[in-house]
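Structure first, then comments.
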Amino acid sequence: MTFPLFPTHEWGLVFGVLSGFGFGFVLERAGFGRTQKLVGQFYGDDMTVFKVMFTAVVTAMLVVVVASGLGLADFKIIADHATSETLLVPFAIGGAAVGAGFVMSGYCPGTSWVAMASGKLDGLFTVLGSIVGAILWSEVEFRPGFATFHNMTNVGNFYLWELLHLPPRAGPAILAAAVVVMAAGCFVGAEKIERLLARNADPLAQATPGGRRGRFVVAGLGAASLVGVALLALPTGTAASVRAAEPVSQLELARRVFDAPWTVRVIDLRPAAACAEKRIPGAECVPEADLPKLALADAAPGRDLVLVGDGALAQPPAAAAAYPGRVLILAGGWKGWEAFALTPPEPPAPGAPLAEVDAYRVRAGIQSALTGMKAAPPPPTPTAAPSGGPKKGGGGCSG
Amino acid sequence: MERNPNKFWNPYLAGVALGLVLAATYLVMGNGLGASGGNLRIGVAVLQAIAPEHVAATPPLARAVAGEHPNWLVMELLGVILGGIVASYTAGRMKLEVLKGPRISVAGRLAFAFAGGALMGLAAKITRGCASGQALTGGALLSVGAWVFFMAFFAGGYGLAYFVRREYR
Chain L
1 MTFPLFPTHE WGLVFGVLSG FGFGFVLERA GFGRTQKLVG QFYGDDMTVF KVMFTAVVTA
61 MLVVVVASGL GLADFKIIAD HATSETLLVP FAIGGAAVGA GFVMSGYCPG TSWVAMASGK
121 LDGLFTVLGS IVGAILWSEV EFRPGFATFH NMTNVGNFYL WELLHLPPRA GPAILAAAVV
181 VMAAGCFVGA EKIERLLARN ADPLAQATPG GRRGRFVVAG LGAASLVGVA LLALPTGTAA
241 SVRAAEPVSQ LELARRVFDA PWTVRVIDLR PAAACAEKRI PGAECVPEAD LPKLALADAA
301 PGRDLVLVGD GALAQPPAAA AAYPGRVLIL AGGWKGWEAF ALTPPEPPAP GAPLAEVDAY
361 RVRAGIQSAL TGMKAAPPPP TPTAAPSGGP KKGGGGCSG
Chain W
400 MERNPNKFWN PYLAGVALGL VLAATYLVMG NGLGASGGNL RIGVAVLQAI APEHVAATPP
460 LARAVAGEHP NWLVMELLGV ILGGIVASYT AGRMKLEVLK GPRISVAGRL AFAFAGGALM
520 GLAAKITRGC ASGQALTGGA LLSVGAWVFF MAFFAGGYGL AYFVRREYR
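Chain order of the listed sequences is L and W. Just so we're aligned: 195 in our numbering is position 195 of the first sequence, and the numbers increase by one with no gaps anywhere. So the mapping is simple: our numbering equals the position in the second sequence, first residue as 1, plus 399.
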């Protein structure tokens, strides 16, 4: 997964100015710095607000859907990070109040800044009002009574694909395609209403018909939504490329378990009794049948998931493959681990190459640490370091 | 090039441009765009200069000071101002004025702007975001709450529009 980039705080602030610049520039050029264009939406003769907002929603949605389909991002990780929780009653009541405030002031909080920047004093007064309003609610929102309303009917991060019981991987792409169809229908309706009411329109807020360019944009969004759906079927889509389980060697896992245990979540799939007896340090004993109970699809993706089977696992079980982060399979499974880490290694023959002696030392260390043996396996016979430069290439036949 | 202040971008192309800015923000920051959070942060900065003990004693205000995201939103608003200045100046729309209909006084229009802004700022705290932070950012990521907000927003707007029509036309 490449995105989000999550830059450092300082670079984030620089990017904040850049994205704000793009935001403000586009809002102004769309006509959102002029109150008559904004409120035209509510008198029916200038639907610019709806057209711009809905096109922007669909465009951004499709970019994230396609990026997720290519395995560059993950729709749900971005959504969990960028959206707020859903609080049904406060959002319904507060949303209506924001709409009412919008027609009273003639702006929304974002566009009032744009209007202010272009010299509109009513924009400045809306900005000041918004700041005062935000402070006022902050003064009371935590107090008894207010807090009950402010926090009621909180259903957490909740998405339309969950509401409609669509699978979490395919849901966003399918819904995006449905939203494009809905948007196209709404745009046709909006253009029609504008034409019907054109004679009422404010001279300062003439509707801009979509025309050929508008149809071209909607067709392009439709094509992008089909790409988003098609990517679900490709083996290179999210389901395969992000979740393709990579093997992890015993040595690599041992290093991570000792040095950075917080970066891995080891899950031992063997029967509970076998796992309870002996397991990799920190491993959770979860027989394969119980795996769905962990709800790995919804788990935080921060740690790499390491699956340990009895022998070598070819494929991660479906419940583990749904994990949003990296999924690793321990090469050789438990049997391989036992042979590698719990069995005393054979000391190398005197005169063995240094690499072999090193590998022996590491394995001996792991074995003694894991089996709690007071006496480590015998130290190797010292070998004189070969003088001058690394050994000749092409190992394996050096004996 | 001739500048016509009444000429705006094609709304669908503007929507695509806005969507691409939003998508870039998702992919870089993992966040969307917003305005109301930055407004709160600015208000808190003023309060902190006047009454720092009060800010520390009020949890929602203290949170706005402690978090990193509110500062990001203020930088974003700085960008919005710059973008608005450049876009309006180059389009010939930069002008000191009050936008209003002929049937309302300047003072009346400014009073409505302030009152409407206050209602919006207050309500946007309840909804954890405004038209940009909730409808745009959450809507594009298919959050149920954002779509509830979106519909309630239009209901509230259409419900009140008739009664304030004198402000605009």
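All C-beta atoms in this analysis are idealised placements derived from N, C-alpha and C, irrespective of residue type, glycine included.
heavy atom of the ligand FMN below 7 Å from F548 (chain W) C-beta: Because no ligand of any kind appears in the structure shown, any question about the ligand FMN cannot be addressed here.
Residue-chain proximity (Q533 (chain W), chain L), Cβ-Cβ < 8 Å: yes
Where N438 (chain W) meets chain L, residues with beta-carbon distance less than 8 Å: P109, V127, S130, I131 and A134
V454 (chain L) versus V66 (chain L): straight-line alpha-carbon distance, rounded: With chain L represented from 1 up to 399, any question about residue 454 (chain L) goes unanswered, as that position is not in the structure.
Beta-carbon proximity check, G408 (chain L) vs A554 (chain W), cutoff 8 Å: With chain L running from 1 to 399 in the structure shown, residue 408 (chain L) is simply not present.
Any chain L beta carbon closer than 8 Å to N403 (chain W): no
Inter-residue CB distance, Y425 (chain W) and A273 (chain L) (contact presumed, cutoff 8 Å): With 8 Å as the limit, Y425 (chain W) and A273 (chain L) do not qualify as a contact, their Cβ atoms being about 47 Å apart.
C-alpha gap between L328 (chain L) and A339 (chain L), whole angstroms: 19 Å
Rounded straight-line distance, which links the Cα of W334 (chain L) to that of A532 (chain W): The sequence given here has Gly at residue 532 (chain W), not Ala. Rounded to whole angstroms, G532 (chain W) to W334 (chain L) spans 49 Å at the Cα level.
P247 (chain L) - containing alpha helix (DSSP H), residue span: Not the alpha helix (DSSP H): P247 (chain L) falls in the beta strand (DSSP E), residues E246 to V248.
Where E452 (chain W) falls: helix, strand or coil (DSSP): helix
Own chain partners of V479 (chain W) with C-beta closer than 6 Å, once the 5 adjacent residues on each side are dropped: none
Chain W within 8 Å of G101 (chain L), Cβ atoms only: yes
Three-state secondary structure (DSSP) of S68 (chain L): helix
Closer than 8 Å to chain W by CB, A224 (chain L): no
Of the residues L:P301, L:A115 and L:V140, the one placed nearest L128 (chain L), counting alpha carbons only: L:A115
Test: V479 (chain W) CB closer than 8 Å to a CB of chain L: yes
The alpha helix (DSSP H) enclosing V181 (chain L), as first and last residue numbers: G171 to L197
Exposure label - E475 (chain W); buried when at least 16 CB within 10 Å: buried
A512 (chain W) vs G106 (chain L) beta-carbon contact at 8 Å: yes
CB contact check: R527 (chain W) to chain L, cutoff 8 Å: yes
Nearest-angstrom Cα separation, counted from F187 (chain L) out to M53 (chain L): 11 Å
Where K494 (chain W) falls: helix, strand or coil (DSSP): coil
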